[in-house]
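J.: Supplied in structure tokens, the structure appears directly below.
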Amino acid sequence: MKLKIALAIAAASAMPAAAQAAYQIDHYAFAPGALVGTVQYTPTGLNVNAGIGRLNLTGTETPGGAAASFLTYCVDIFHDLTIPATFDFAPVSTLIPDATKQSQLLTLMTQSDALLANASDKTTVSAAIQLATWEIVNETSGSYGFATGTFRSTGGNSDAARSLAQTYLNQITTGAWQPSPTGTLRLLYSATSQSQIIAGVPEPATWAMMIGGFGLVGAAARRRARVKYVIA
């Protein structure tokens, strides 16, 4: 089944300050896999069929050419995932200025690795984490749910993922889950492609080692140079 992969949430107009290193991303793959469903953003009339799940982006660091590999979730549904493209690390506030949403997203990422590690159906859990990420980033009605509000999702084979995502959002909003006290959200930003949040919340020392060239995950399968990533 051919997935149209075109994502589009609001992209900030201001470009973040340049990082010490940039990353040329050449390939992507869903990891561990993807579900499909319809995603809507009602203020703009966005209504697209999407692949939904965690991504593995791979490429090289510039300068230097060291291999780079990142597990990510999309936070930018207003850009296509267009590769090759240059990414670098920017403040999360570049795309998510609201402090409450930043804390909620940090809480979700704090739990994400354990949720996947303990899951028998990792594809559904991965899709649920992605759906919850989009809901946090894009919903402005004051409550979270996929049937109403500014961000909505229906259809496809992702009903179970939406139900699971709702339980994650409930855990976050009730305070049953708490953010890592020392972890930090990492925004992998591109001015021309689809910006991503790094999956999980590495501790500062671990993160320093990762961006020193060790990478975050193994190689991904080669994909087409340009992909319409309708929400994933």
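Mapping of the sequence shown onto mature numbering (1 follows the signal peptide of the UniProt record, and there is no 0): residues -21 to -1, 1 to 211, in sequence order. Each residue gets a CB set at the ideal place from its N, CA and C atoms; glycine is no exception.
(1) Report, in whole angstroms, the separation of the C-beta atoms of ARG131 and THR21, which I expect to be a contact under 8 Å.
(2) Give, in chain order, every unbroken run of the beta strand (DSSP E) that is at least 3 residues long and sits entirely within the region 19 to 79.
(3) Are the CB atoms of ALA10 and GLU40 nearer to each other than 7 Å?
(4) Keeping to the same chain, check which residues put their C-beta closer than 6 Å to that of GLY128; ignore five residues upstream and five downstream.
(5) To the nearest angstrom, report how far apart PHE57 and THR37 are at their CA atoms.
(6) In the structure shown, what three-state DSSP assignment does TYR168 receive?
(7) From the DSSP output, read off the bridge partner residues of SER132.
(8) When DSSP labels each residue in this structure, what does residue 220 get in the three-state scheme?
(9) What are the boundary residues of the alpha helix (DSSP H) that GLN109 is part of?
(10) Using 7 Å as the threshold, is the C-beta distance between THR17 and THR153 below it?
(11) Excluding five sequence neighbours on each side, which residues of the same chain lie with their C-beta closer than 6 Å to the C-beta of GLN81?
(12) VAL15 to LEU50, Cα distance in whole Å?
T.: In terms of the structure at hand:
(1) Sequence index remark: in the sequence shown, residue 131 carries index 152 (1-based). Sequence index remark: in the sequence shown, residue 21 carries index 42 (1-based). The Cβ separation is near 7 Å, so the contact holds.
(2) DSSP runs (the beta strand (DSSP E)) wholly in the region 19 to 79: 25 to 31, 34 to 41, 46 to 53 and 64 to 69.
(3) For this step, residue 10 is matched to residue 31 along the sequence shown. For this step, residue 40 is matched to residue 61 along the sequence shown. For the 7 Å CB-CB criterion, ALA10 and GLU40 do not form a contact.
(4) Translated into the one-based positions of the sequence shown, residue 128 becomes position 149. Contacts found: GLU118 and SER120.
(5) One-based indexing of the sequence shown puts residue 57 at position 78. One-based indexing of the sequence shown puts residue 37 at position 58. Using only the alpha carbons, I get a separation of about 21 Å.
(6) Counting from 1 along the sequence shown, the entry for residue 168 is found at position 189. In the three-state reduction of the DSSP assignment, TYR168 falls in the strand class, which pools E and B.
(7) On the sequence shown, position 153 is the one that residue 132 refers to. Per DSSP, VAL18.
(8) In this structure the chain extends from -21 to 211, so residue 220 is not present and cannot be described.
(9) On the sequence shown, residue 109 is found 130 positions in, with the first residue counted as 1. Where GLN109 is concerned, the enclosing alpha helix (DSSP H) starts and stops at 101 to 117.
(10) As a first step, residue 17 is located in the sequence shown; it is residue number 38 there, counting from the start. As a first step, residue 153 is located in the sequence shown; it is residue number 174 there, counting from the start. Not in contact: THR17 and THR153 (Cβ atoms no closer than 7 Å).
(11) For the purposes of this step, residue 81 is taken as residue 102 along the sequence shown, with counting starting at 1. These residues qualify, in order along the chain: VAL71 and ILE75.
(12) Counting from one through the sequence shown, the residue named residue 15 turns up at place 36. Counting from one through the sequence shown, the residue named residue 50 turns up at place 71. CA-to-CA, the gap between VAL15 and LEU50 works out to about 19 Å.
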